[in-house]
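Here the UniProt record's numbering is used: position 510 in the sequence shown is 510, and no number is missing along the way. Heads up, the beta-carbon is just placed ideally off N, CA and C, and yes, glycines get one too. So the structure is just underneath, and the comments pick up after that.
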Amino acid sequence: MNFTHTTPSSTSMGLSSSDSAMLEMLVPGYTFISRILLSYLHIDLTLYLQQLVVLAVLGAALRYVSIYITGFFKEYLVSTAEIRLDDEIFNYFMYWISRQPHMKRTNRFVAGVKSNGYLSDSDDSDNDDNPDPTEGEWNEPGSTEGGESFDEYWAKVISRDKYKPLRFTPSQGRHIFWYKNRPLMLERQKEHTTNRYVLINERLYLSCLGRDASILRDVLNEAQQAYVERDGNRTIIYRGHRYYSGGSWNWTRCMARSPRPLSTVVLDPEQKQAFLDDIKEYLHPRTRRWYSNRGIPYRRGYLLHGPPGTGKTSLCFAAAGLLGLKLYLLNLNSKALDEDNLGSLFSDLPHRCIILLEDVDTAGITQSRGKTVAKATTEANGEVEIEEIDDVTAVDEVAKPDKADGISLSGLLNVIDGVAASEGRILVMTSNHPEKLDAALLRPGRVDMSIAFGYAGEAAIKELFTSIYITMEGDSPRKNGSRRQNTELVKNTNGSALIPNGVKKSPSQELLEQAEKEQQESFDALRSQIAVLATQFASVIPLNEFTAAEIQGYLLHHKNTPEKAIQGAEKWVQSVREKKKSREEKSV
Ligand SMILES: Nc1ncnc2c1ncn2[C@@H]1O[C@H](COP(=O)(O)OP(=O)(O)OP(=O)(O)O)[C@@H](O)[C@H]1O
1 MNFTHTTPSS TSMGLSSSDS AMLEMLVPGY TFISRILLSY LHIDLTLYLQ
51 QLVVLAVLGA ALRYVSIYIT GFFKEYLVST AEIRLDDEIF NYFMYWISRQ
101 PHMKRTNRFV AGVKSNGYLS DSDDSDNDDN PDPTEGEWNE PGSTEGGESF
151 DEYWAKVISR DKYKPLRFTP SQGRHIFWYK NRPLMLERQK EHTTNRYVLI
201 NERLYLSCLG RDASILRDVL NEAQQAYVER DGNRTIIYRG HRYYSGGSWN
251 WTRCMARSPR PLSTVVLDPE QKQAFLDDIK EYLHPRTRRW YSNRGIPYRR
301 GYLLHGPPGT GKTSLCFAAA GLLGLKLYLL NLNSKALDED NLGSLFSDLP
351 HRCIILLEDV DTAGITQSRG KTVAKATTEA NGEVEIEEID DVTAVDEVAK
401 PDKADGISLS GLLNVIDGVA ASEGRILVMT SNHPEKLDAA LLRPGRVDMS
451 IAFGYAGEAA IKELFTSIYI TMEGDSPRKN GSRRQNTELV KNTNGSALIP
501 NGVKKSPSQE LLEQAEKEQQ ESFDALRSQI AVLATQFASV IPLNEFTAAE
551 IQGYLLHHKN TPEKAIQGAE KWVQSVREKK KSREEKSV
């Protein structure tokens, strides 16, 4: 007797195992489906084998052709711009697109209270990057606009703060929208990453039909313009930062703040002017040429030194605002920052900017590079005097032990002015103890100018007092609203409808002149009154003992009552002295 062993998957269906394997390859799941159909519905797929094979081959061919055509289309008939999350353009584009009318109509969007989502953890509606919409909105009781009490105003602000403005950006996937009568496609893609520290990484692809990508550049330029216009004249601050442990460091925009007028920084006017003139001279185009003609690296460094709270950071910030420069902050104390990252941060700096390294003496870079070191001491005139010393132990009390992590002195020196160091930037270092710094860090080329900030002398005390009590543009009137009335007058008389044609000097013009004169007189009277009070205040405060920050802090307690500030000054001096003494005793 002849037995032939058959299996359902081969002979019963008339298929060899190689045929099944081929079908399985063309139609994944074929074997499973055919068995189910045979068992439950008694449909034998092998009867339709020819048709099935033709269909499968056709399907595979179609898939291949469609991939090829899509690839061809993408490569030759479509232009695409890629936008990466770690670049500022991502913010520009998200800001721009969230304000486009089609974002109101789309049914697939990401809703959020931040415009960018990830780039900056502090870039939300609560910080300075988004101007407060309620700023200057309060109408005092009795004002012509219809006043409200502070409590009413505050209740309004608080209830508005509960609702952060919502922003809508396109969700993951493809979106078609129209720009200048042309269809554009935006694809938002989440990046797959194996790094467990990276929570989100994504890219945008902006495409248009045709090989001419100028429309994409137009969109991106417009996005940048919208973003930059929003900043106005505010000073943009970046900080060196990394997204996740082990990742690379980048400059992240952290806020945009109203510029600080240089006049509000109390410092010897000559020093202030010298600092500003020096920066301006450095930024002048002829200086760059001058440097390059002589082969001198085009770099400038400043050291601002003095006790805490004497205005070092304020001066740097005011200079950035005045010159419209971006400010880059970097904390050298971070153990996670290594020399490679420091180098790449410096090389990523734009050509014109201020990079501020605060408190360099605390950054663990105080150890010397070699055997011959120098001891830096601050002279009475504020200059940092450098004295060469052969023995390393001579500065032992200021030298920290080698750090396992972070930046070494030679690492810092290399990025500041090594062969690969960037050019064009303004480096500002601040220090509370310049005498602790290695002479190598202070030598010309690295520090070209040093400015000493000291405790407040008589002129500084008077200036601080005056700056608190003088009425400035934008201040609300403190009493009876006389300033506001004057402003109203200016507004009304400026209106063209109030000045009849052909009349040289209308009654309203005369009124305006009269009001301006009165305003000037009352301003002069106020100024001289404040000058007298400032002299009284300066006579009570011991000279060269308190920092500007301390004096300012005290005056802020009496910001509407200068007389009270003078009366309480002596008591305040005593209490601060006692606090300092007890702090010193504790630290000994
Ligand atoms: N010379 C000054 N003129 C005007 N304001 C000052 C001055 N010094 C300090 N202040 C005020 O004190 C505060 C602290 O000032 P700032 O941060 O500039 O001091 P700093 O010298 O940089 O201090 P630190 O060494 O601690 O960084 C600020 O609010 C600033 O307005």
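- In its chain, beyond the 5 residues on either side, Y205, S207 have a beta carbon closer than 6 Å to the beta carbon of T80.
- The beta carbon of I470 sits closer than 8 Å to those of L526, R527, I530, all from its chain and outside the five residues before and after it, given in chain order.
- When the beta-carbon positions are compared, V360 and L413 stay at least 9 Å from each other.
- Inclusion of F168 and M103 in the CB contact set at 9 Å is warranted, their separation being smaller than that value.
- Between R300 and D268, the C-beta gap is not smaller than 9 Å, which leaves the two residues out of contact.
- Y298 sits in coil when the DSSP states are folded into three classes, being neither helix nor strand.
- The beta carbons of L276 and M449 sit no closer together than 9 Å.
- Annotation: the stretch 522 to 581 contains the following complete segments of the alpha helix (DSSP H) (minimum length 4 residues), in chain order: 548 to 556.
- With a cutoff of 8 Å, D359 counts as near ligand 1, since its C-beta is closer than that to a heavy atom of the ligand.
- As the crow flies, the alpha-carbon of T106 is around 18 Å from that of K180.
- Our two residues, G59 and M25, have alpha carbons roughly 12 Å apart in a direct line.
- Taken atom to atom, the span from the alpha-carbon of H284 to that of N293 is near 15 Å.
- R174 has its alpha-carbon roughly 18 Å from the corresponding atom of I67.
- Measuring C-alpha to C-alpha distances from I237 to each of E222, I158, A319 identifies A319 as the nearest.
- Less than 9 Å divides the Cβ of D338 from the Cβ of G406.
- For V228, there are no CB contacts under 7 Å within the same chain when 5 residues up- and downstream are skipped.
- Across the structure, G232 and K559 are spaced so that their CA atoms are roughly 30 Å apart.
- In the DSSP assignment, H175 falls within the unbroken beta strand (DSSP E) covering 173 to 179.
- The three-state secondary structure of M429, taken from DSSP, is strand.
- Not one heavy atom of ligand 1 falls within 8 Å of the beta-carbon of A256.
- Under the DSSP definition of a beta bridge, H305 partners with S431, A452.
- Counting the other Cβ atoms within 10 Å of the Cβ of L41 gives fewer than 16, which makes it exposed.
- For Y30, the enclosing alpha helix (DSSP H) starts and ends at 30 to 36.
- When C-alpha distances from P297 are compared across S422, S263, N91, G321, the shortest belongs to S422.
- If you ignore the 5 residues before and after Q536, its C-beta comes within less than 6 Å of the C-beta of I566, all in its own chain and listed in chain order.
- Here T70 is exposed. Its C-beta has fewer than 16 other C-beta atoms within 10 Å.
- Beta-bridge annotation (DSSP): C208 is paired with S79, L184.
- Sequence-distant Cβ neighbours of A538 in its own chain, meaning closer than 8 Å and more than five residues away, are E458, I461, K462, F465.
- With a cut-off of 8 Å, the C-beta of F453 is classified as near ligand 1, since at least one heavy atom of the ligand falls inside that distance.
- Taking 9 Å as the cut-off, the Cβ atoms of V265 and G343 do not count as close.
- Taking the Cα positions, E281 is about 12 Å away from Y291.
- Classified as buried, L315 has 16 or more neighbouring CB atoms from the shown chains inside 10 Å of its CB.
- For L62, the number of other beta carbons within 10 angstroms of its own is below 16, and it is reported as exposed.
- In this structure, G295 keeps its C-beta atom at 9 Å or more from the C-beta atom of E550.
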